[in-house]
Amino acid sequence: MLTVGTSYKDYYQTKNLSQNTQDIQADGFSIVGREDGKYAVTITGSVSATNKDLNEITVVWGEE
């Protein structure tokens with residue numbers, strides 16, 4: 084999860100976001116960002132609650 088979260092973080096740091104919150108840890112991550120007038124994105128990742136061998140990543144994207 085740390086590698087995936089860091090990759091998303093590095094990508095969105097180059098996007099000149101007006102709002103940007105990031106919490107990257109070994110067992111999960113959360114990234115919330117917004118570029119005014121263009122889009123808002125929330126990305127969360129964690130180990131699956133039902134199968135510890137799987138990771139779950141959710142991306143919510145909204146155009147403005």
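Under the numbering used here, the first residue of the sequence shown is numbered 84, with each subsequent residue one higher. Here a beta-carbon is modelled for each residue, glycine too, at the ideal position from N, C-alpha and C.
> D136 to T89, Cα distance in whole Å?
Replying inline: Looking at the two C-alpha atoms, the distance is approximately 20 Å.
> Of the choices F112, S131 and G145, whose alpha-carbon is the least far from that of G120?
Replying inline: Measuring from the Cα of G120, the nearest candidate turns out to be G145.
> Do you know offhand how far N138's Cα is from Q108's?
Replying inline: Straight-line Cα distance between these residues: approximately 14 Å.
> Can you tell me whether L43 is buried or exposed, with buried defined as 16 or more other CB within 10 angstroms of its CB?
Replying inline: Outside the displayed span of the chain (84 to 147) sits residue 43, for which this structure offers no information.
> What are the start and end residues of the alpha helix (DSSP H) that includes G88?
Replying inline: Run containing G88: L85 to Q96, per the alpha helix (DSSP H) assignment.
>> Within 10 Å of its beta-carbon, does Y94 have 16 or more other beta-carbons around it, so buried, or fewer, so exposed?
In response: Around the beta-carbon of Y94, fewer than 16 other beta-carbon atoms lie within 10 Å, marking it exposed.
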